[in-house]
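Q:
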Amino acid sequence: MNPDDFKLVRLEEEHLAVVLKWRNSDKVRKMMYNENIITNEEHVKWFESLRNSEVTQLKVLLYLETPIGVVNFNKINHFDNTCYWGFYIGESNAPKGSGTMLGYLALSYIFENQNIRKVCSEIIAYNTQSVIFHQRMGFLEEGRLIEQVNKENELIDVILMAKFKHHWDHFKVELEEQIRRHH
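Numbering (the UniProt record's numbering), first residue to last: 1 to 183.
1) Out of curiosity, what's the CA-to-CA distance linking H182 and V119?
2) Output the boundary residues of the alpha helix (DSSP H) element that contains D26.
3) Kindly indicate which residue of V44, I132, V60, E65 has the alpha-carbon position closest to the one of L105.
4) Could you tell me the alpha carbon to alpha carbon distance between H134 and L145, rounded to whole angstroms?
5) Excluding the 5 residues preceding and the 5 following V28 in the sequence, name in chain order all residues of the same chain whose CB lies nearer than 8 Å to its CB.
6) Leaving aside the five residues before and after N72 along the sequence, list all residues of the same chain whose C-beta is less than 8 Å from its C-beta, in chain order.
7) Give the range of the alpha helix (DSSP H) segment to which E112 is assigned.
8) What are the complete beta strand (DSSP E) segments, minimum 3 residues, inside the stretch 27-84?
9) Would you mind working out which of N2, W46, F6, I110 sits nearest E13, comparing C-alpha positions?
10) Just confirm the distance between the C-beta atoms of E141 and M161, as a whole number of angstroms; I'd bet it's less than 8 Å.
11) Considering only residues of the same chain and omitting the five flanking positions on each side of G138, which have a CB-CB separation below 7 Å?
12) Please state whether DSSP places I156 in a helix, a strand or coil.
13) Mapping DSSP to helix, strand and coil, what is E12?
14) Whole angstroms are fine: how far does the CA of E154 sit from the CA of N2?
15) If you drop the 5 nearest sequence neighbours on each side, which residues of the same chain put their C-beta closer than 7 Å to that of L50?
16) Report yes if the C-beta distance between L64 and D26 is below 9 Å; otherwise report no.
17) Starting from I179, trace the alpha helix (DSSP H) in both directions and tell me its first and last residue.
18) Return the residue from the list K165, R180, R136 that minimises the CA-CA distance to L107.
19) Work out the CA separation of N40 and N115 for me, nearest whole Å.
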């Protein structure tokens, strides 16, 4: 895996079909608050409502110019310099390490180009893969919303995690070394 083969770009109309396919996949849907199948019409409306938003930025991760994942920065607050994020690698054949590259590029972008000082995340408690990923990215657990979401008639906790820019500045160097070692 060559880190130079990855880049983060703005989500455009040309990406909508593949992002809808990923979003409606069982793997992704079961980790979302809303597990409903999304129609193409709903998807286009969602995109149109957010494409010029001041509080949301939608990005696609490309590998060798092919979309493999998505990241959504939302609830962007320019007064407090905070935001939330959500993301996933949609392509099942994405190279090993794609999630790490998505995290690296996304956090570099939001901290270094958008003047954000804190990125927050809400993770459904059974999504242990995401919790572990966030820990590997240096996120800290800030709390837990007990019995927050109803999934198949079972109330599930939501784990609150955050990453701060002042931690990122040091952590980024370690992450770059880790990426280089696996290259």
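C-beta atoms are modelled at their ideal positions from N, C-alpha and C, and glycine is treated no differently.
These numbers were taken from a predicted model, which means no experiment stands behind them.
A: If we stick to the structure as given:
1) Taking the sequence shown and counting its residues from 1, one reaches residue 182 at position 182. Taking the sequence shown and counting its residues from 1, one reaches residue 119 at position 119. Going by the C-alpha atoms only, they are around 26 Å apart.
2) For the purposes of this step, residue 26 is identified with residue 26 of the sequence shown, where counting begins at 1. Per DSSP, D26 belongs to the alpha helix (DSSP H) from 26-29.
3) One-based indexing of the sequence shown puts residue 105 at position 105. For L105, the nearest C-alpha among the options comes from V60.
4) Taking the first residue of the sequence shown as 1, we reach residue 134 at position 134. Taking the first residue of the sequence shown as 1, we reach residue 145 at position 145. Looking at the two C-alpha atoms, the distance is approximately 17 Å.
5) Here residue 28 refers to the residue found at position 28 when the sequence shown is read from its first residue. W22, Y88, G90.
6) Within the sequence shown, the letter at position 72 stands for residue 72. Around N72: T56, Q57, L58, K59, W85, G86, F87.
7) Start at 1 with the first residue of the sequence shown, and residue 112 comes out as number 112. Counting along the chain, the alpha helix (DSSP H) containing E112 begins and ends at 98-113.
8) 57-63, 66-77
9) The residue you call residue 13 lines up with position 13 of the sequence shown. Selected option, being the one with the closest Cα: W46.
10) Here residue 141 refers to the residue found at position 141 when the sequence shown is read from its first residue. Here residue 161 refers to the residue found at position 161 when the sequence shown is read from its first residue. The pair is a contact, with the Cβ atoms about 5 Å apart (cut-off 8 Å).
11) Stepping through the sequence shown from its first residue, residue 138 is reached at position 138. Excluding sequence neighbours, G138 sits near K163, H167, F171.
12) Along the sequence shown, one-based indexing puts residue 156 at 156. The answer is strand: DSSP assigns I156 an E or B state.
13) Position 12 of the sequence shown, counting from 1, holds the residue named residue 12. Looking at E12 - three-state DSSP - the assignment turns out to be coil, as it is neither helix nor strand.
14) Along the sequence shown, one-based indexing puts residue 2 at 2. Along the sequence shown, one-based indexing puts residue 154 at 154. Distance between the alpha carbons of N2 and E154: 42 Å.
15) Numbered from its first residue, the sequence shown carries residue 50 at position 50. Same-chain partners within the cutoff: T56, L58.
16) Sequence index remark: in the sequence shown, residue 64 carries index 64 (1-based). Sequence index remark: in the sequence shown, residue 26 carries index 26 (1-based). No, they are not a contact pair.
17) The residue you call residue 179 lines up with position 179 of the sequence shown. First-last of the alpha helix (DSSP H) with I179: 165-181.
18) Counting from one through the sequence shown, the residue named residue 107 turns up at place 107. The shortest Cα separation from L107 among K165, R180, R136 belongs to K165.
19) The residue given as residue 115 occupies position 115 in the sequence shown. The residue given as residue 40 occupies position 40 in the sequence shown. Roughly 34 Å separates the two Cα atoms.
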